[in-house]
Amino acid sequence: MIKKIRVAQLKPGMFVHDMDCGWMEHPFLTDSFTVRNDKDIERMVGHGIFELFIDSEKGLDLADAPTRVEVEQSVTRKISEIVSKFKLVEPVSLHEELINARLVRDEANKIIGDLMTGVRQGKKVETDRLDPVVNRMSASILRNKDALLSLCRIKEKDSYTFRHSVSVGALLMCFTRVFKPRSGDMELVGIGGMLHDIGKTMVPDRILNKPGALTPDEYVTMQMHVQHGQNILADARDITQTSFDVVAQHHERFDGSGYPLRLKGSEMSVYGQMASIVDVYDAMTSDRVYRMGMDPTLAVRKMFEWSRSHFDPELIQIFVRTIGIYPVGTLVMLESKRIAIILNQDGRDLTRPVVRAVYDATKRCYIPPQDIDLSANLGHGGGDRITSHESASKWGIDPQQFI
Ligand SMILES: [Fe+2]
Ligand SMILES: [Fe+2]
Numbered sequence: 008m009i010k011k012i013r014v015a016q017l018k019p020g021m022f023v024h025d026m027d028c029g030w031m032e033h034p035f036l037t038d039s040f041t042v043r044n045d046k047d048i049e050r051m052v053g054h055g056i057f058e059l060f061i062d063s064e065k066g067l068d069l070a071d072a073p074t075r076v077e078v079e080q081s082v083t084r085k086i087s088e089i090v091s092k093f094k095l096v097e098p099v100s101l102h103e104e105l106i107n108a109r110l111v112r113d114e115a116n117k118i119i120g121d122l123m124t125g126v127r128q129g130k131k132v133e134t135d136r137l138d139p140v141v142n143r144m145s146a147s148i149l150r151n152k153d154a155l156l157s158l159c160r161i162k163e164k165d166s167y168t169f170r171h172s173v174s175v176g177a178l179l180m181c182f183t184r185v186f187k188p189r190s191g192d193m194e195l196v197g198i199g200g201m202l203h204d205i206g207k208t209m210v211p212d213r214i215l216n217k218p219g220a221l222t223p224d225e226y227v228t229m230q231m232h233v234q235h236g237q238n239i240l241a242d243a244r245d246i247t248q249t250s251f252d253v254v255a256q257h258h259e260r261f262d263g264s265g266y267p268l269r270l271k272g273s274e275m276s277v278y279g280q281m282a283s284i285v286d287v288y289d290a291m292t293s294d295r296v297y298r299m300g301m302d303p304t305l306a307v308r309k310m311f312e313w314s315r316s317h318f319d320p321e322l323i324q325i326f327v328r329t330i331g332i333y334p335v336g337t338l339v340m341l342e343s344k345r346i347a348i349i350l351n352q353d354g355r356d357l358t359r360p361v362v363r364a365v366y367d368a369t370k371r372c373y374i375p376p377q378d379i380d381l382s383a384n385l386g387h388g389g390g391d392r393i394t395s396h397e398s399a400s401k402w403g404i405d406p407q408q409f410i
C-alpha cells in the first residue's frame, strides 16, 4: 500500500515509492529505492524533501500513516473549498483575447531569446527592451488572463529556457493580478519573471541540457545561475528592487531549504515567494528531454500538498485561485463520459466552469463540439458534472484546436 509520511518518520528498510519532489534539479538518480541507512535520509533532508510516499509492501510499514487515496480525497476537499467562492470576471472572452495573446507571446519569446543570446555573447542585458512587451502582456492579462496562461502551457522541448522565462513572467503577472489587483506592480514583477533565469546563460549547455541526474558538482554549478543572474542585473540600468528580488529569490523556499541564502518565510520578499511558486509550477508542467511534464491540474494539487513546508500556505491558496482547480485549456471527463475542454471560469464557481465537450470516451470518437455551463441545470445549457481531469497526451487530443 502507498502511504504518505514525513521525512522525519523515514527509517532504513522502508521503500521510497515516490519522493513527492517536483523540482527536477535534485541529484537523486531515481525516485524509488530502499532506504539503506541514515545517510540516505540526511541527504534527502539536505535537499529539502519534507514528505514522501512509501510502499508498505516492499519495505517497512508505518501503521498510522495516511494512504495515498486518503491524502488525495482530503486535497480535493480543501481545494474545492478554496476555489468555490472565488470570482474573477474577465472583461473579454477567451476566444476574443487568444489572437492577441498569441502575438504577444511570440514577441515575448523572440525578445527574451535575443536578450539571452546577447548576454551569452558578452553584451550587457538591455532590460528596457522588455518594457513594451511586458506592457502588452499586462494589458492582455487584464482583458483575460486565461488566454496567455493557456498559451504558455504549450511548450516544446527545445528552447525550454526561453519559453520557461516567458511563462514564468506571464504566470507571475497573473498571480499578481489576483493577489494585488491595484498594486501597479504587475509590469515590474513581469520583468523579473522574464529575467529570472538569465543567469543560466552562464551555465554550460552540457549541464543545462543533461538528460539525467546531475552530479553533486554539476548541481552546484547549476545553482550558481542565481548568483550569475544577480551579477548580470547589477550591470543593467533601471532595474527595480521588485524585479531584482524575483531573480535573486526564485529558488529560496518558505522553510529555508532553498538557495542561495536559505532565506526563510518573511525574510523573502512576497514577490520572491510568488516567483518560487510559479517557477516550480512551470518546471513541473513542462516536457523536458528526460521526462514528460505533469498535468497542470495535478501540479496544482501537488503544490497545495507541499504548502505546509516549501511554500506559504496563504500564497498557495491565491495561486490555486489564479490557475483554477481546472485550468482553462485542460481536459476533463464528464459524468456523461464525454471529454471536454475547460473554456472559462469567470464569474462563477471555479469547480463548475463552462466546458466544450468534443470527444465521446465510450465510442472513442470526436463529436460535434458542444458548450456546457456546468453551473446550470439540465435544460438550461448544463446538466453534467466533472468526474476527473484527463491528460491531453493520453487521449491524443489537442485542446488548442478547440478554443
Ligand atoms: Fe532558476
Ligand atoms: Fe526557472
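Residues in the sequence shown are numbered consecutively from 8, following the working numbering. Beta carbons: idealized from backbone N, C-alpha and C, even for Gly. From a predicted model like this one, the values you see are computed outputs, not experimental measurements.
| Which residue from Arg315, Tyr366, Glu321, Leu322 puts its Cα closest to that of Leu338? | The count along the sequence shown starts at 1 and reaches residue 338 at position 331. For Leu338, the closest alpha carbon among the candidates Arg315, Tyr366, Glu321, Leu322 is that of Tyr366.
| Neighbour-count burial assignment, Tyr288, 16 or more Cβ in a 10 Å radius | By one-based count along the sequence shown, residue 288 stands at place 281. By the 10 Å Cβ count, Tyr288 comes out buried.
| task | Return the chain-ordered list of same chain residues with a C-beta closer than 6 angstroms to the C-beta of Thr369, the five sequence neighbours on each side being excluded. | result | Along the sequence shown, one-based indexing puts residue 369 at 362. When the five nearest sequence neighbours on each side are left out, the beta carbons in the same chain lying within less than 6 angstroms of the beta carbon of Thr369 are those of Lys344, in order along the chain.
| Can we count Ala290 as close to ligand 2, meaning its CB is less than 7 angstroms from some heavy atom? | The sequence position of residue 290 within the sequence shown is 283, counting from 1. At least one heavy atom of ligand 2 is nearer than 7 angstroms to the Cβ of Ala290, so yes.
| said: Please return the same chain residues whose Cβ sits closer than 7 angstroms to the Cβ of Asp62, not counting the five positions on each side in sequence. | reply: If you number the sequence shown from 1, residue 62 lands on position 55. Only residues of its own chain outside the window of five on either side were considered, and among them Ile9, Phe22, His24 have a CB closer than 7 angstroms to the CB of Asp62, listed in chain order.
| For Thr292 versus Met301, is the C-beta spacing smaller than 8 angstroms? | Here residue 292 corresponds to residue number 285 of the sequence shown, with the count starting at 1. Here residue 301 corresponds to residue number 294 of the sequence shown, with the count starting at 1. Their beta carbons are under 8 angstroms apart, which means Thr292 touches Met301 by this criterion.
| message | Whole angstroms are fine: how far does the CA of Leu305 sit from the CA of Arg359? | response | Counting from one through the sequence shown, the residue named residue 359 turns up at place 352. Counting from one through the sequence shown, the residue named residue 305 turns up at place 298. One Cα belongs to Arg359, the other to Leu305, and the distance between them is close to 17 angstroms.
| Quick one: what does DSSP say Asn311 is sitting in, helix, strand or coil? | Position 304 of the sequence shown, counting from 1, holds the residue named residue 311. Note on identity: in this sequence residue 311 is Phe, with Asn being the wrong assignment. Phe311 falls in the helix class under three-state DSSP.
| query | Can at least three beta-carbon pairs, one atom from the region 208–216 and one from the region 240–257, be found at a separation below 8 angstroms? | reply | With a cut-off of 8 angstroms, the region 240–257 and the region 208–216 do not count as touching, because too few Cβ pairs lie within range.
| request: Just confirm the distance between the C-beta atoms of Gln407 and Gly336, as a whole number of angstroms; I'd bet it's less than 8 angstroms. | output: Here residue 407 refers to the residue found at position 400 when the sequence shown is read from its first residue. Here residue 336 refers to the residue found at position 329 when the sequence shown is read from its first residue. Going by Cβ atoms, the distance from Gln407 to Gly336 rounds to 7 angstroms, so yes, they are a contact pair.
| said: Quick check: the region 251–269 against the region 221–233, are at least 3 beta-carbon pairs closer than 8 angstroms? | reply: Touching, yes, given that three or more Cβ pairs across the two stretches are closer than 8 angstroms.
| Considering only residues of the same chain and omitting the five flanking positions on each side of Ile141, which have a CB-CB separation below 6 angstroms? | Start at 1 with the first residue of the sequence shown, and residue 141 comes out as number 134. Ile is not the amino acid found at residue 141; the sequence shown has Val there. Result list for Val141: Glu194, Gly197, Ile198, in chain order.
| task | Quick one: measure Cβ to Cβ for Ser264 and Gly403, integer angstroms, because I've assumed they're closer than 8 angstroms. | result | Within the sequence shown, residue 264 is the residue found at index 257, counting from 1. Within the sequence shown, residue 403 is the residue found at index 396, counting from 1. About 39 angstroms separates the beta carbons of Ser264 and Gly403, which is beyond the 8 angstroms limit, so they are not a contact pair.
| message | Can you look up Asp62 in the DSSP assignment and give me helix, strand or coil? | response | Position 55 of the sequence shown, counting from 1, holds the residue named residue 62. Residue state, collapsed to three classes: strand.
| query | Straight-line CA distance for Glu104 to Gly272? | reply | As a position in the sequence shown, residue 104 is number 97, starting the count at 1. As a position in the sequence shown, residue 272 is number 265, starting the count at 1. Answer to the nearest angstrom: the Cα atoms are 37 angstroms apart.
| task | Within the same chain, show all residues whose beta-carbon is closer than 7 angstroms to that of Asp286, passing over the 5 residues directly before and after it, in chain order. | result | Along the sequence shown, one-based indexing puts residue 286 at 279. Correct list, in chain order: Val175, His203, His257.
| Quick one: is the Cβ of His203 within less than 7 angstroms of any heavy atom of ligand 2? | Start at 1 with the first residue of the sequence shown, and residue 203 comes out as number 196. Answer for His203: yes, Cβ within range of ligand 2.
| message | Suppose you measure from the CA of Ile410 to the CA of Met180; what does that come to, to the nearest Å? | response | Here residue 410 refers to the residue found at position 403 of the sequence shown. Here residue 180 refers to the residue found at position 173 of the sequence shown. About 23 angstroms.
| task | With a 10 Å radius around its C-beta and 16 neighbouring C-beta atoms as the bar for buried, classify Asp460 as buried or exposed. | result | Nothing can be reported for residue 460, as the shown portion of the chain is limited to 8 through 410.
| Same chain, Cβ closer than 6 angstroms to Arg143, neighbours up to 5 away in sequence not counted | On the sequence shown, residue 143 is found 136 positions in, with the first residue counted as 1. Excluding its 5 nearest sequence neighbours in each direction, Arg143 has C-beta neighbours in its own chain below 6 angstroms: Val111, listed in chain order.
| request: Please determine if the region 94–102 and the region 145–164 are in contact, where contact requires at least 3 C-beta pairs separated by less than 8 angstroms. | output: Yes, the region 94–102 touches the region 145–164.
| If we ignore side chains and look at the alpha-carbon of each, how far apart do Gly200 and Ser172 end up? | In the sequence shown, residue 200 corresponds to position 193, counting from 1. In the sequence shown, residue 172 corresponds to position 165, counting from 1. Cα to Cα, the separation comes out at about 7 angstroms.
| field | Completely contained alpha helix (DSSP H) runs for the region 39–88, where each covers 4 or more residues | value | 45–53, all fully within the region 39–88.
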